[in-house]
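In the working numbering, the protein residues as written are 33 to 376.
In structure tokens:
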């Protein structure tokens, strides 16, 4: 690598969002050398290959470290590599994971080392927080977009693990402020319901857009909890990647921000969008929510994006409905190509 070659570190770079991020960074800076850190517990090399193929880019020639982020010595690595930014996306993201020790050890405990190393080495850090940090605040009952200060009472240990990461940043900022020092370049992004190309290997944790589209393409009725009026902030992965990169740019205001579309979409509306995309008119099949899910289920989420626009100078480019129509058509096209290749 030449001294002028830009370097980035992407943890979780073999995952859904991470692989899309890697592809976008390389499209913007073809000469960049990207270090992917991923333990491949849920990520896959195929996500990287496919993301670069979709972006019509050459094969990946960066570096891959198949380690847990907690196993790395972050400060020496940053001193040696001098990256332009660290994008920390690695995490257990399964909201139905109930092993609290496992979740906190994977998501929360390594974060302090990453944060401290980035601050000491003056490397911008952008990390993935989550809408799960909000749980079910009073704003949900009133169908009001969630302001940043509404977080802190998550419904599951995943949300709690991400809240503890945010709290670590708040504590760090408070100390710096008390010492009269400028805030370091640290940006947390509370991802809402992300959907888009590259999520197929997430299995049961893939988006409702993905699952419902495939159900219809399989000739089945899309299955929804009664009566399909639960509302979520669905945000397109292209927008998520764009905002994540924006968080690393010079001149942004350090802090924790929402990353959603700023709009709600009911599950019935998702089915409507898919039907429009596929030229179908399939009616949903409604069923009762399992009792064990009721206490932890978020019936409504919506990101208040005002502070994101103010602090990062960024707003979404895609409306959820337009993005869902585009994505459903992509899924149908990919399935058609797969069938053709299989039958050839």
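We put the beta carbon where it would ideally sit given N, CA and C, even for glycine.
Note that the structure is a prediction, hence the values are computed from the model and not measured.
Give the C-beta separation of residue i and residue j to the nearest angstrom, bearing in mind that I take them to be a contact with Cβ-Cβ under 8 Å.
i           : j           : result
residue 241 : residue 360 : 7 Å
residue 294 : residue 348 : 7 Å
residue 300 : residue 261 : 6 Å
residue 254 : residue 247 : 5 Å
residue 350 : residue 268 : 4 Å
residue 67  : residue 120 : No, residue 67 and residue 120 are not in contact; Cβ-Cβ is about 12 Å, not under 8 Å.
residue 65  : residue 81  : So it is not a contact: roughly 18 Å between Cβ atoms.
residue 210 : residue 198 : Actually they do not touch by this definition, with Cβ atoms about 19 Å apart.
residue 306 : residue 244 : 6 Å
residue 115 : residue 176 : That belief does not hold up - the Cβ atoms of residue 115 and residue 176 are roughly 39 Å apart, past 8 Å.
For residue i, which three-state DSSP category applies?
i           : result
residue 239 : coil
residue 358 : helix
residue 189 : helix
residue 102 : helix
residue 367 : helix
residue 231 : coil
residue 209 : helix
residue 49  : helix
residue 372 : helix
residue 314 : coil
residue 78  : helix
residue 43  : strand
residue 92  : coil
residue 196 : helix
residue 183 : coil
residue 26  : No answer is possible for residue 26: it lies beyond the span of the chain, which begins at 33 and ends at 376.
residue 120 : strand
residue 297 : strand
residue 253 : coil
residue 33  : With a pLDDT of only 46 at residue 33, under the threshold of 50, the placement of this residue in the model should not be trusted; the figure read from the coordinates follows. If DSSP states are grouped into helix, strand and coil, residue 33 belongs with coil.
residue 23  : Shown here, the chain extends from 33 to 376; a query on residue 23 therefore has no answer.
residue 138 : helix
residue 130 : coil
residue 38  : coil
residue 202 : helix
residue 329 : coil
residue 73  : coil
residue 215 : coil
residue 224 : coil
Cβ atoms of residue j and residue i: under 7 Å apart, would you say?
i           : j           : result
residue 318 : residue 237 : no
residue 101 : residue 117 : no
residue 69  : residue 110 : no
residue 54  : residue 135 : no
residue 328 : residue 187 : yes
residue 200 : residue 144 : yes
residue 194 : residue 161 : yes
residue 151 : residue 216 : yes
residue 343 : residue 285 : yes
Measuring only the C-alpha atoms, how far is residue i from residue j?
i           : j           : result
residue 85  : residue 59  : 11 Å
residue 179 : residue 185 : 13 Å
residue 362 : residue 229 : 8 Å
residue 214 : residue 208 : 7 Å
residue 374 : residue 250 : 17 Å
residue 108 : residue 218 : 19 Å
residue 93  : residue 341 : 34 Å
residue 43  : residue 61  : 18 Å
residue 281 : residue 304 : 37 Å
residue 112 : residue 283 : 25 Å
residue 153 : residue 346 : 26 Å
residue 124 : residue 139 : 7 Å
residue 164 : residue 191 : 4 Å
residue 146 : residue 156 : 11 Å
residue 174 : residue 352 : 21 Å
residue 324 : residue 358 : 34 Å
residue 275 : residue 36  : 25 Å
residue 364 : residue 310 : 8 Å
residue 45  : residue 51  : 5 Å
residue 137 : residue 314 : 44 Å
residue 91  : residue 77  : 12 Å
residue 205 : residue 142 : 18 Å
residue 106 : residue 320 : 47 Å
residue 166 : residue 104 : 30 Å
residue 369 : residue 203 : 51 Å
residue 33  : residue 127 : Confidence at residue 33 is low in this model, with a pLDDT of 46, below 50, so the placement of that residue should be treated as unreliable; the coordinate-derived value is given next. Taking the straight line joining both Cα atoms gives about 40 Å.
residue 88  : residue 57  : 13 Å
residue 330 : residue 233 : 23 Å
residue 73  : residue 271 : 25 Å
residue 48  : residue 227 : 9 Å
residue 356 : residue 131 : 33 Å
residue 371 : residue 129 : 34 Å
residue 366 : residue 316 : 23 Å
residue 95  : residue 75  : 15 Å
Return yes when at least one heavy atom of the ligand NAP lies under 6 Å from the C-beta of residue i, else no.
i          : result
residue 76 : You won't find the ligand NAP in this model; it holds no ligand whatsoever.
Within 8 Å, do at least three Cβ pairs link the stretch 276-290 to the stretch 327-340? Yes, since at least three Cβ pairs between the stretch 327-340 and the stretch 276-290 fall closer than 8 Å, the two stretches touch.
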